[in-house]
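Novice: Dropping a structure here in structure tokens format, bear with me for questions.
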Amino acid sequence: MAAAKSANLSRISPLDMFVWEGTDKRGTKMKGEAQGKNINLVKADLRRQGITPIVVRKKPRPLFGKAGSTITPREIATFSRQIATMMQAGVPLVTGIDIVAGGQKNPRMGDLLADIRDQLAGGTSFSEALAKHPVQFDDLFQNLVKAGEGAGVLDTVLDTIATYKERIESLKGKIKKALFYPAAVIAVAIGVSALLLLFVVPQFESLFQGFGADLPAFTQLLVDSSRFLSANWFFMLAVIAGTIFAFITAMKRSRAFSQTVDRVMLKLPIIGQILHQSAISRFSRTLALTFKAGVPLVEALETCAGATGSVVYETAVMRIREDVSVGYPMNVAMKQVNLFPHMVVQMIAIGEEAGALDTMLFKVAEFYEEEVENAVDSLSSLLEPFIMVIIGAVVGGMVIGMYLPIFKMGSVI
Numbered sequence: 001m002a003a004a005k006s007a008n009l010s011r012i013s014p015l016d017m018f019v020w021e022g023t024d025k026r027g028t029k030m031k032g033e034a035q036g037k038n039i040n041l042v043k044a045d046l047r048r049q050g051i052t053p054i055v056v057r058k059k060p061r062p063l064f065g066k067a068g069s070t071i072t073p074r075e076i077a078t079f080s081r082q083i084a085t086m087m088q089a090g091v092p093l094v095t096g097i098d099i100v101a102g103g104q105k106n107p108r109m110g111d112l113l114a115d116i117r118d119q120l121a122g123g124t125s126f127s128e129a130l131a132k133h134p135v136q137f138d139d140l141f142q143n144l145v146k147a148g149e150g151a152g153v154l155d156t157v158l159d160t161i162a163t164y165k166e167r168i169e170s171l172k173g174k175i176k177k178a179l180f181y182p183a184a185v186i187a188v189a190i191g192v193s194a195l196l197l198l199f200v201v202p203q204f205e206s207l208f209q210g211f212g213a214d215l216p217a218f219t220q221l222l223v224d225s226s227r228f229l230s231a232n233w234f235f236m237l238a239v240i241a242g243t244i245f246a247f248i249t250a251m252k253r254s255r256a257f258s259q260t261v262d263r264v265m266l267k268l269p270i271i272g273q274i275l276h277q278s279a280i281s282r283f284s285r286t287l288a289l290t291f292k293a294g295v296p297l298v299e300a301l302e303t304c305a306g307a308t309g310s311v312v313y314e315t316a317v318m319r320i321r322e323d324v325s326v327g328y329p330m331n332v333a334m335k336q337v338n339l340f341p342h343m344v345v346q347m348i349a350i351g352e353e354a355g356a357l358d359t360m361l362f363k364v365a366e367f368y369e370e371e372v373e374n375a376v377d378s379l380s381s382l383l384e385p386f387i388m389v390i391i392g393a394v395v396g397g398m399v400i401g402m403y404l405p406i407f408k409m410g411s412v413i
């Protein structure tokens, strides 16, 4: 009987979204959205709320598939915060998820939460329901929720997860900002150069043909480059696109290649230091969170290895895990990988001796998050004038190259 009931629950179809218009008891016009199995049930639900439905229709789907094609980590963080707040206010978990699902603007997020709600209604635990969506809820999220369920502090754990994800996303944003400026300098310089070579230099070339004299070497180089780009721009564009595609594919499929790229990035001036600090911060905060939730240290290290955002650091953390699993203190294992600063190793050693490893890891994470923020701000200040210099040099150099023959004729006259 129980098996049949479970089978029936598993066949429950996801609710559809409807848009409605109606009037309340005072005759005031109202409109909104509601989820339901069909129009009649939605109308009945509206009447129970004291609303007289006038129009109820199924919400049309977007023309090109579902809007909001991806579920972002920030949406997951917001979901965690909302559910934690509702549970702390005494709202049952299933009801809370149903409320949050109904207010989602991203249909995919709404469908995801509706599926989790249906599984919970069928008797599945929250951690097991999340495990069926590993892309949105990673091992860290699942392990923490499982630990929270076991300890009866799920609301506190969800609130902690929300704070963690918000901090990590903020840190990722700072790293992207740090990497964007150098990329922007290169992209703008290449773009301006290409435009000048394609549209400006040919105008001067027709003028130079009437001079009847040899052009200066720099001017001739610009003219030849313009001719080559004009004749082969499509081929060069295809090469650039192919190179980018091959690079991204190699990064995804080849761990050795991605590790090599990661090592090169970590050795870059300024940028490399920011990436080091970011990886240490993410490692420390993730390990502190999992360890504080009661996850064994060896398992916690395995969980947080992939959260560092660096293949080099991920490999190092897995080596630390292997050493810790055979009895080495964590600070000794960290020394062996020769990647973490002396200060971090010493703070970990103090935390282990005092029995406050999670507290010390949180302090390390806060310190390096602040370092990353300061470094990114400094980099932005340094690169703003640098961008102007680069663009000025590119444009100015080409302008001078085009006017050199004119200056040469003026000196002869």
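Sequential numbering of the sequence shown, starting at 1, is according to the numbering used here. We treat Cβ as the ideally placed atom computed from N, Cα and C, and that holds for glycine. Keep in mind the model is a prediction, meaning the values are calculated, not measured.
1) Classify Ala67 as buried or exposed, calling it buried when 16 or more other Cβ atoms lie within 10 Å of its own Cβ.
2) Could you work out which residue in Met402, Arg167, Val395 and Phe180 is closest to Tyr368 when comparing CA atoms only?
3) Can you check which of these residues, Thr308, Ser80 and Ile390, is closest to Val185 by C-alpha distance?
4) Can you tell me the Cα-Cα spacing of Met265 and Ala34, whole angstroms?
5) Between Leu144 and Thr308, which are expected to be in contact by the criterion C-beta below 8 Å, what is the C-beta distance as a whole number of angstroms?
6) Just mark Gly96 as buried or exposed, buried being the case when its beta carbon has 16 or more other beta carbons within 10 Å.
7) In this structure, how does DSSP classify Phe283 when only helix, strand and coil are distinguished?
8) Nearest-angstrom Cα distance between Arg282 and Met236?
9) With respect to the alpha helix (DSSP H) encompassing Val223, which residues constitute its N-terminal and C-terminal limits?
10) Buried or exposed: Glu314, going by 16 or more other Cβ atoms within 10 Å of its Cβ?
11) Could you name the residues of the same chain whose beta carbon sits closer than 8 Å to that of Val344, not counting the 5 residues immediately before and after it, in chain order?
12) For Val312 and Tyr403, I'd like the C-alpha separation in whole angstroms.
13) Within 10 angstroms of its Cβ, does Gly65 collect 16 or more other Cβ (buried), or is it exposed?
14) Is Arg319 helix, strand or coil when you go by DSSP?
15) Could you give the distance in angstroms between the alpha-carbon of Ala101 and the alpha-carbon of Leu158?
16) List the residues that DSSP assigns as beta-bridge partners of Ile16.
17) Going along the chain, which residues of its own chain have a beta-carbon closer than 6 Å to the beta-carbon of Asp139, five neighbours each way excluded?
18) What are the boundary residues of the beta strand (DSSP E) that Thr156 is part of?
19) Output needed for Leu112: all residues of its chain with C-beta closer than 7 Å, excluding positions within five of it in sequence on either side, in chain order.
20) Quick check: the Cα distance between His342 and His276, rounded to an integer number of angstroms?
21) With DSSP as the reference, identify every bridge partner of Met56, one or two as the case may be.
22) Going by CA-CA distance only, name the one from Leu93, Ala44, Gly103 and Lys105 that's closest to Asp118.
23) Go through its chain and collect everything with a Cβ distance to Asp475's Cβ below 7 Å, but skip five positions before and after it.
24) Note down, in chain order, each residue of its chain lying with its Cβ closer than 7 Å to the Cβ of Gln273, except the 5 sequence neighbours on either side.
25) Given this structure, state the Cα-to-Cα distance separating Gly27 from Ile51, to the nearest angstrom.
26) Are Ala349 and Asn338 closer than 7 Å when you measure CB to CB?
27) Roughly how many angstroms lie between the CA atoms of Glu149 and Ser378, to the nearest whole one?
28) Please tell me whether Thr416 and Gly401 are closer than 7 Å, where the distance is taken between their beta carbons.
29) Please report the distance separating the alpha-carbon of Glu384 from that of Pro53.
30) Could you name the residues of the same chain whose beta carbon sits closer than 6 Å to that of Gly110, not counting the 5 residues immediately before and after it, in chain order?
31) Spatial neighbours of Glu21 within its chain, please: CB distance less than 6 Å, with the 5 preceding and 5 following residues excluded, ordered by chain position.
32) Using 7 Å as the threshold, is the C-beta distance between Phe228 and Pro405 below it?
Specialist: Straight from the coordinates:
1) Since pLDDT at Ala67 reaches only 47, below the 50 mark, its modelled position is unreliable, and no value is offered.
2) Arg167
3) Ile390
4) 49 Å
5) About 17 Å separates the two Cβ atoms, so there is no contact after all.
6) buried
7) helix
8) 39 Å
9) Ala217 to Arg253
10) buried
11) Ile280, Ser284, Met334 and Val364
12) 50 Å
13) At Gly65 the pLDDT is 47, less than 50, meaning the model places this residue with poor confidence; the figure from the coordinates comes in the next sentence. Exposed.
14) helix
15) 17 Å
16) The question names Ile, yet the displayed sequence has Asp at residue 16. Gly36.
17) Thr303
18) Here Thr156 belongs to no beta strand (DSSP E); instead the alpha helix (DSSP H) covers Leu154 to Leu195.
19) Ile71, His133 and Gln136
20) 14 Å
21) The sequence given here places Val at residue 56; Met does not occur at that position. Per DSSP, Trp20.
22) Leu93
23) Summary: the structure shown does not reach residue 475, with the chain confined to residues 1 through 413, and so no result is reported for it.
24) Ala375
25) 9 Å
26) no
27) 43 Å
28) With the chain running from 1 to 413 in the structure shown, residue 416 is simply not present.
29) 58 Å
30) Ala101 and Gln104
31) Lys31, Ile54 and Val55
32) no
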